[in-house]
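Chains as they are written, first to last, in our numbering: chain Z, 2 to 226; chain X, 2 to 226; chain B, 2 to 226; chain E, 2 to 226.
The beta-carbon is built from N, C-alpha and C at its ideal position, and this holds for glycine as well.
Note sheet for the following structure.
Number of protein chains: 4
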Amino acid sequence: MGNEQDTVHTRARDPQRTRRAILDAGLTEFAARGLSGAGIAAIAQTAGVNKRMIYHYFGSKEGLFTAVIENVYEQLAAAAVSFESETSDPRDGVRRLVRFVWDFYTERPGVITLLNAENLHGARHIRDSERVRAMGTPFLEVIGRLLARGADQGVFRDDVEPLELYLSTVALSYYYLSNHHTLSVFFGRDLMRPRQRQRWARHIERMVLDFLAAGASGEPGTAGT
Amino acid sequence: MGNEQDTVHTRARDPQRTRRAILDAGLTEFAARGLSGAGIAAIAQTAGVNKRMIYHYFGSKEGLFTAVIENVYEQLAAAAVSFESETSDPRDGVRRLVRFVWDFYTERPGVITLLNAENLHGARHIRDSERVRAMGTPFLEVIGRLLARGADQGVFRDDVEPLELYLSTVALSYYYLSNHHTLSVFFGRDLMRPRQRQRWARHIERMVLDFLAAGASGEPGTAGT
Amino acid sequence: MGNEQDTVHTRARDPQRTRRAILDAGLTEFAARGLSGAGIAAIAQTAGVNKRMIYHYFGSKEGLFTAVIENVYEQLAAAAVSFESETSDPRDGVRRLVRFVWDFYTERPGVITLLNAENLHGARHIRDSERVRAMGTPFLEVIGRLLARGADQGVFRDDVEPLELYLSTVALSYYYLSNHHTLSVFFGRDLMRPRQRQRWARHIERMVLDFLAAGASGEPGTAGT
Amino acid sequence: MGNEQDTVHTRARDPQRTRRAILDAGLTEFAARGLSGAGIAAIAQTAGVNKRMIYHYFGSKEGLFTAVIENVYEQLAAAAVSFESETSDPRDGVRRLVRFVWDFYTERPGVITLLNAENLHGARHIRDSERVRAMGTPFLEVIGRLLARGADQGVFRDDVEPLELYLSTVALSYYYLSNHHTLSVFFGRDLMRPRQRQRWARHIERMVLDFLAAGASGEPGTAGT
DNA sequence: AATGAATGAGGGTTCATTCAT
DNA sequence: GATGAATGAACCCTCATTCAT
């Protein structure tokens, strides 16, 4: 008695479903406990599958972790195409960018801890991944066009690089969400109360936009002429 | 053969030194591998002490982790007094703040992973610490005076709260340093090359200052007159 | 070198046998050294299995202990059916009872130390066991019939309860076997010499029977007529 | 912080008191947890002394255990002199014996677990103790006189040895108290309820006395004439 | 595809004990 | 007499993983 078993005896054979369940469970567990904190047994239990299946589909714990994190990056890439602004107003484009980033991480808190975990390990799980490598370049191109249009219209300064804008935007969102536990203790106030979060979201938008507006020429440029 | 032993046989009896050595080793190991990734054996070996001593001084692995992280916060508090600017120029004050934050985390990369680890665990190790709780308030007061002076002189806008300025400053430094591994892969460029780092440091300063200058009254206020 | 391994490398895959081997080894070790004195490593070695298997089958050291002790009770229950006397002579029935008890514990000295261990821990391992709880009631019923028949025939007194007879019988056997080590020192004679043991066995029989006979009516009762 | 320390820093130097405190704590802890279950740290804490003191006074854990158990035997010997009956009535003498034994173990439940522990270890801690060896002989002499007187007066049978009477008496008390935890579960009733205990005490007395009376000559003997 | 049995290494922790003061 | 620091072995247990079915 008392045999700790991973799952019920008979289970419908559904490779796709099994694989997906493991991937989801891996995301949950790795996000909650980190790479070394998460256990194969717990993942198998959460997924409702036999431990052995994890090795069958992903080879090893690190293999699963790699798959999980690549999956996250694909989510990011997939979602990102949505904010390619067809709007002609650059300021609206930046607003959309800021909101997209904020919403993305707000809605996926696990992604943050997962990325932290990957950074803790020197990004070695994605380093050799062709799917992830330079996946960010398209982002920079979109943002680059945005910045160029803004500078052209005289509403944005022209000395900001796409990477700088992107990193600034993410940093302001990510750090707040990533470190809210310690910050809330450090400052003696709960940063995750809805009111506080909304204030911060507005602050990011303001900060990014006002920074871009600072030193703008104020008159339409002549680029392209 | 047999059992690996933790240290050399005879050791100078020096409680202070032993405790300190464990604390330092704990910082190093926890920073490098996280709470669950770090091992008592490795910590003891790094500290050059017997494993048992960790329990003697800190009760448990988590006890040591708590002590390590509190120690980090004390470092932060101790270092922070240094940027209390006696300068009368508010812009210089903000520059000092930005540089202090950037330098602090740049020089202490372990602190970042440590704080990430603590956030992964919901800040439960400092939640009940009276030493850490609200330790940030003095920061806000210093920054509050800075902002007030700047607004008074007409060089800063007056709609920014101390917490907003502080969090923005830290976010821009912290995220870049915390996530540089994945970001470097994602964008296909090494963000930690000295050149890149310097550029980013300058960017933070510019972004914070230009944001604060945006919408400033431009003329000295009448406060105190 | 390095780590002592528990067993030979390859082992026939035989769950039943493995489980049984662990149970037997647990009985031996717990009986010899008590719950806290027995070690998982020793049990595994005695059983010829890997340490991990103990957790696989029994969850924990205490889980194994619980299984061992429940197993003992099942032995007792199983063996007990044998003395249900079909003999019509009540005195013979009591003799069979006395001898059964004496032989049971004589042949299983480990059971005594095991029961002592369980009592040291407040019987908490069997307290919630449905298999053990009230397992003794059938004993009392058999003995009750025996006493009734004896009283009916006028050879037993009628003021003795089944529990009293049973406990008396076991006490006289159990204590002698349980405490012979200290008693032998205390009295300066070896109580476990065959001669001494036989004398004691005879004494128990005599004491129980003479007690039951004392105050008997001496004439057949009228019950059932 | 969190240094587990054994006692307050300064403590009145009182060798007698310290030794006594350790002995008492040892009795308590060994009785509650057995020899291997009791820990030096717990004993030191219970005694309110430094761990090192245990080694100072008793050399080792086993040394302390030996001292504790010898102490118990001295208690037994000391208390036993009290029931040397000056009464001329042998039946009263036996009643006093029975009650003394029952009361002794009832009032000192720890003694039972301690003796069990010593038996678990083959009585090796008292085996070489001159103080304990044959300490029981005086008991047998007292009881011997009691039996002789009873047989002489024709109220006791004459085929019972002192050791048999003593062991029977103790067995009936000891087993009930020693195994009440498992017995209560086994029979589904709480044997330690005051009512149940009193019934058992009366049963012991009855059983011993009726056994002794069985087969008595019924007329005063001629011994000594 | 899927499972339960089995493995060896190492996890954090506690042990009784000794050293230096 | 008394203390706190320090030790090394052993403790129970869990880990990621592989074997046999």
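| Asked | Found |
| --- | --- |
| is_contact[Ala32 of chain X, chain Z] using C-beta, thresh 7 angstroms | no |
| Closer than 8 angstroms at the beta carbon, the chain E residues around Met136 of chain B | Phe187 |
| Contacts of Arg128 of chain Z in chain X (Cβ-Cβ under 8 angstroms) | Val186 |
| Backbone CA spacing between Ala39 of chain B and Gly111 of chain E [nearest angstrom] | 22 angstroms |
| His126 of chain X versus Thr67 of chain X - alpha carbon distance | 5 angstroms |
| Backbone CA spacing between Ala152 of chain E and Arg207 of chain B [nearest angstrom] | 18 angstroms |
| Buried or exposed by the 16-neighbour rule on C-beta atoms within 10 Å, applied to Thr88 of chain E | exposed |
| As assigned by DSSP and simplified to three states, the class of Val133 of chain B | coil |
| Check: Arg198 of chain B C-beta below 6 angstroms from any heavy atom of the ligand HEM | Among the ligands in the structure shown, none appear at all, so the ligand HEM cannot be discussed. |
| CB of Gly94 of chain X within 7 angstroms of CB of Leu147 of chain X, strictly | yes |
| Nearest candidate by alpha-carbon position, reference His181 of chain B, set B:Ala80, B:Ile41 and B:Arg194 | B:Arg194 |
| From Z:Asp15, Z:Glu75 and Z:Leu173, residue whose alpha carbon lies closest to that of Glu131 of chain Z | Z:Glu75 |
| Any chain B beta carbon closer than 7 angstroms to Arg212 of chain E | Here residue 212 of chain E is Phe; the residue named in the question, Arg, does not match the sequence. Yes, contact with chain B. |
| CA nearest to the CA of Glu63 of chain X, picked from X:Arg18, X:Ala78, X:Ser37 and X:Ser185 | X:Ser37 |
| Opening and closing residue of the alpha helix (DSSP H) in which Asn117 of chain E lies | Pro110 to Leu121 |
| Cutoff 7 angstroms: Ser37 of chain X Cβ touching any chain Z Cβ | yes |
| Distance, Tyr106 of chain X Cα to Val209 of chain X Cα | 17 angstroms |
| Same chain, Cβ closer than 7 angstroms to Gly145 of chain X, five either side skipped, listed in chain order | Pro163 |
| Where Leu173 of chain B meets chain E, residues with beta-carbon distance less than 9 angstroms | Leu168, Ser169, Ala172, Leu173 and Tyr176 |
| Cβ of Val73 of chain Z within 7 angstroms of any chain X Cβ | no |
| Length at least 4, wholly inside the stretch 13-51 of chain E: the alpha helix (DSSP H) runs in chain order | 16-38 and 41-48 |
| Alpha carbon of Asp25 of chain Z to alpha carbon of Ile113 of chain X, nearest angstrom | 28 angstroms |
| Neighbouring residues, chain E, relative to Gly216 of chain B (Cβ below 8 angstroms) | Asp211 |
| When B:Thr29, B:Leu115, B:Pro16 and B:Ala22 are compared against Glu179 of chain B, the one with the closest alpha-carbon | Sequence check: residue 179 of chain B is Ser here, not Glu. If we check each option's Cα against that of Ser179 of chain B, B:Leu115 comes out closest. |
| CA nearest to the CA of Leu213 of chain B, picked from B:Asn117, B:Tyr177 and B:Val161 | B:Val161 |
| Close Cβ partners of Arg12 of chain E (< 7 angstroms) along its chain, the five nearest in sequence each way excluded | For Arg12 of chain E, the predicted model reports a pLDDT of 47, less than 50, meaning its position is unreliable; a value from the coordinates is still stated below. Correct list: empty, nothing qualifies. |
| Short Cβ contact (7 angstroms threshold) for Thr183 of chain E with Asn120 of chain B | yes |
| Residue from B:Ala135, B:Phe157 and B:Asp15 whose Cα sits closest to the Cα of Gly216 of chain B | B:Phe157 |
| Residue range of the alpha helix (DSSP H) that includes Phe188 of chain Z | His181 to Phe188 |
| Residue-level contact to chain E via CB, Glu311 of chain B, 7 angstroms cutoff | With chain B covering 2 to 226 only, the question about residue 311 of chain B has no answer from this structure. |
| Listed by chain order, chain Z residues near Thr114 of chain X by CB distance under 7 angstroms | Leu121 |
| Cβ neighbours of Tyr175 of chain X in the same chain (closer than 7 angstroms, five flanking residues each side left out) | Tyr106 and Ile113 |
| Distance between beta carbons of Leu65 of chain B and Gly123 of chain B, contact taken as under 8 angstroms | About 18 angstroms separates the two Cβ atoms, so there is no contact after all. |
| Where Ala124 of chain E sits in the DSSP three-state scheme | coil |
| Proximity test, Cβ basis, 7 angstroms: Glu220 of chain E and chain B | no |
| As assigned by DSSP and simplified to three states, the class of Glu165 of chain B | helix |
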